[in-house]
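Inspection log for the structure reproduced underneath, given as structure tokens.
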Amino acid sequence: MKLLFFFLFALFGFNSLTAEELPYSKVVLIVVDTLRADHLPMYGYKKNTAPFLASLADRTIVFENAISTSSYTAPATASIHTALLPDEHGVIIGLNATKRMSKVDTSFQLNRVPQKATTIAEFMKANDYQTFGIADNGNISKAMGFDQGFDHFVTFTNEGSKNVNEQALAWHEMMDKSSKYFLYLHYMDPHSPYEKHAPWYDESAKGAQEKLVASYDSEINNVDEKIKELFTKFGWGRDTLIVLSADHGEEFWEHGKTGHGKTLYHEVLHVPLLIYSDKTAPNRVPDLVSNADIPPTIASLTGLGSFAKTVSYPIFGIDLIEESKATRTVLSNLHKETKKGRSGRMDAMTKPDWKFIVSKDTSSATVKVEQRELFARKTDPLEKHNSFKKNKDIGLSLEAELDSMLQAETPLGRELAPYQPK
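First residue of the sequence shown: 25, per my numbering; consecutive thereafter.
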């Protein structure tokens, strides 16, 4: 097994290491809210929106087809922390949606990360890492259980990457004194409302759409600069494992909408997944992966054992170093919100060749299918042509497989916390 382990490390870009060298003293998980993969230079974007991250290319593994478990922050981020799907960890909406819906239904309760779920912070703490977390999104809060496993945890509400860095630097001395630390950073940029950050904002942008995208891109440049600041001041160039991803992407009218949390199309589900270390060699992995794969992969790369074997329940996320991804099927989910509360759900199943999306109305006892969509990923990567009618047999087969996978999920049992309106 040890020989296989080191072979896989070399295969996926990790140089040969001894058992004593494997555990990193610094492990950093960075989630950049609302970051589309295809707006980064390492994913082929024409603008250099992330020059610093691009400068780490000679020590970075790029997962080209990472798919989020949701297009909404709270469910997706809970998956990043637990390796579970939204219906498994129970975080199906966020704090902000709860605020809106509680105005209609005063008995509405807040869903949270269940205490029986093991988070990546709890796993790292159990392995003697001091744990620190900073989130600039109000959904990623103690009220929703995201503080589980953290020795120190702070939540801001869209106060900007500057505040995130200031908090991290305030902990610098404490972190330096610890022999090992795990740091989780959740940057809110480039979430709307977008700012026009100089000097990166493209002043030549014309029209509302171009200006909106230019603002969004400048936000990515800004957060890239903030990551560079911490990388330099904390000395992450050595003995550090950095994993960077996103909760979801963003729509810019590709399917007639803007924002996120409304659909499960490629532009909101395709997220970056980058792994950096001074011990890695560059690599690009084309296989389908999920952002729920992050906890098992961190556990593997740090040499701390199997994340899956530390929990007493099945997990969706896999170890991207040791487990095969060639035939991976990735699931994504979105619970739809209306003025009257949750009225439906969307589920997406992504395979190497096909993607199937089904939308359902669950407002009554009789669940109604509202729409089925099927996209051929190799010939229609932007998901512009619904081929369900043309390939109905394939679509129905995928729907049956999706239903089977959903029924096989093992919900931990939704845990609720009373919501106190402010």
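The beta-carbon is built from N, C-alpha and C at its ideal position, and this holds for glycine as well.
Check your understanding: What residue does the beta strand (DSSP E) around Asn246 start on, and which one ends it?
Key -> Premise fails: Asn246 lies in the alpha helix (DSSP H), 231-258, not in any beta strand (DSSP E).
Check your understanding: DSSP three-state call for Val391: helix, strand or coil?
Key -> Here Val391 sits in coil by DSSP.
Review point. Which whole runs of the beta strand (DSSP E) in the segment 38-116 are 3 residues long or more, in chain order?
Key: Under the rule that a run must span 3 or more residues, the beta strand (DSSP E) segments found entirely inside the segment 38-116 read 50-56, 84-91.
Exercise for review: Just tell me which of Ile164, Gly285, Glu243, Glu197 has its CA closest to the CA of Gly368.
Suggested key: The shortest C-alpha separation from Gly368 is found at Gly285.
Point to revise | Simplified DSSP state of Lys333, which is helix, strand or coil | key: DSSP places Lys333 in helix when its eight states are reduced to three.
Review point. Between which two residues does the alpha helix (DSSP H) harbouring Leu422 extend?
Key: 416-432 is the span of the alpha helix (DSSP H), which, as asked, contains Leu422.
Check your understanding: Going by the CB atoms, is the gap between Thr353 and Met370 shorter than 8 angstroms?
Key -> Between Met370 and Thr353, the CB-CB gap reaches or exceeds 8 angstroms.
Point to revise | Under the three-state DSSP convention, the category Ile299 falls into | key: Here Ile299 carries a strand assignment [DSSP, helix/strand/coil].
Exercise for review: Could you tell me whether the segment 277-292 touches the segment 66-75, where touching means 3 or more Cβ pairs closer than 8 angstroms?
Suggested key: These segments do not touch.
Check your understanding: Hey, would you say Thr326 sits closer than 8 angstroms to Leu265, going by beta carbons?
Key -> In contact: Thr326 and Leu265 (Cβ atoms closer than 8 angstroms).
Practice item. Would you decide whether Val393 is buried or exposed? Buried here means 16 or more other CB atoms lie within 10 Å of its CB. Key: Counting the other Cβ atoms within 10 Å of the Cβ of Val393 gives fewer than 16, which makes it exposed.
**Study point:** the segment 50-59 / the segment 222-237 touching (three or more Cβ pairs under 8 angstroms)
**Key:** Contact fails: fewer than three Cβ-Cβ distances are below 8 angstroms.
**Study point:** 6 angstroms Cβ shell around Val309 - same chain, five flanking residues per side excluded
**Key:** Phe87.
Exercise for review: For Arg262, count neighbouring Cβ atoms within 10 angstroms of its own Cβ and tell me buried if that reaches 16, exposed if not.
Suggested key: Exposed, because fewer than 16 other Cβ atoms sit within 10 Å of the Cβ of Arg262.
Review point. Whole-angstrom Cβ separation of Lys93 and Ser314, contact assumed at under 8 angstroms?
Key: The amino acid at residue 93 is misidentified as Lys; the sequence shows Thr. Their Cβ separation, rounded to whole angstroms, is 6 angstroms, which keeps Thr93 and Ser314 in contact under 8 angstroms.
Check your understanding: Any idea if Tyr300 is buried or exposed, counting beta-carbon neighbours within 10 angstroms, 16 or more meaning buried?
Key -> Counting the other Cβ atoms within 10 Å of the Cβ of Tyr300 gives 16 or more, which makes it buried.
Review point. Short check: CB of Thr142 to CB of Val335, under 8 angstroms?
Key: Yes, Cβ-Cβ distance for Thr142 and Val335 is below 8 angstroms.
Check your understanding: Would DSSP call Lys384 helix, strand or coil?
Key -> Lys384: strand per DSSP, three-state reduction.
Practice item. Tell me whether Pro99 is buried or exposed, calling it buried when 16 or more other Cβ atoms sit within 10 Å of its Cβ. Key: Buried is the label assigned to Pro99, since at least 16 other Cβ atoms lie within 10 Å of its Cβ.
**Study point:** beta strand (DSSP E) segment containing Gly320, residue limits
**Key:** Note that residue 320 corresponds to Pro in the displayed sequence, not to Gly. From DSSP, Pro320 is part of no beta strand (DSSP E) but of the alpha helix (DSSP H) over 318-325.
Check your understanding: Would you report the Cα separation of Ser216 and Glu275, rounded to the nearest angstrom?
Key -> Going from the Cα of Ser216 to the Cα of Glu275 covers about 11 angstroms.
Review point. Residue range of the beta strand (DSSP E) that Leu268 falls in?
Key: From DSSP, the beta strand (DSSP E) with Leu268 extends over 264-269.
Check your understanding: Taking the alpha-carbon positions, what's the Met66 to Leu430 distance?
Key -> C-alpha separation (whole angstroms): 33 angstroms.
Review point. The beta strand (DSSP E) spanning Asp200 covers which residue range?
Key: Segment 196-201 is the alpha helix (DSSP H) holding Asp200; no beta strand (DSSP E) there.
Practice item. Please confirm whether Pro214 and Ile244 have their CB atoms less than 8 angstroms apart. Key: Taking 8 angstroms as the Cβ cut-off, Pro214 and Ile244 qualify as a contacting pair.
Review point. Who are the near neighbours of Ala43 in its chain, counting only those whose CB is closer than 6 angstroms to its CB and skipping five residues on each side?
Key: For Ala43, the pLDDT reaches just 42, beneath the cut-off of 50, and the residue's location in the model is therefore unreliable, although a value from the coordinates is still provided. None.
Review point. Does the distance from the C-beta atom of Pro306 to that of Arg83 stay below 8 angstroms?
Key: For the pair Pro306 and Arg83, the CB atoms are nearer than the 8 angstroms cut-off.
**Study point:** Length of the line joining the Cα atoms of Gln172 and Lys166
**Key:** Rounded to the nearest whole angstrom, the C-alpha separation of Gln172 and Lys166 is 8 angstroms.
Check your understanding: Rounded to whole angstroms, how far is the Cβ of Asn161 from the Cβ of Met212, which I believe are closer than 8 angstroms?
Key -> The Cβ separation is near 5 angstroms, so the contact holds.
Review point. DSSP state of Ser348, grouped into three classes?
Key: In this structure, DSSP gives Ser348 a state outside helix and strand, which the three-state scheme calls coil.
Practice item. Take Asp377 as the anchor and find which of Asn182, Asn357, Leu398 has the nearest alpha-carbon. Key: Among Asn182, Asn357, Leu398, the Cα nearest to that of Asp377 is on Leu398.
**Study point:** Per DSSP, cross-strand counterpart(s) of Asp2
**Key:** Residue coverage of the chain in this structure runs from 25 to 446, which leaves residue 2 outside it and unanswerable.
Review point. Taking Cβ to Cβ, would you say Ser103 is nearer than 8 angstroms to Ala316?
Key: Yes.
Point to revise | Burial state of Trp260, where buried means 16 or more other Cβ atoms lie within 10 Å | key: Classification of Trp260: buried, given that the 10 Å Cβ count is 16 or more.
Practice item. Let me know if Gly329 comes out buried or exposed under the rule of 16 or more other beta-carbons within 10 Å of its beta-carbon. Key: Label assigned to Gly329: exposed.
Practice item. Please classify Ser314: does DSSP put it in a helix, a strand, or coil? Key: Correct three-state label for Ser314: strand.
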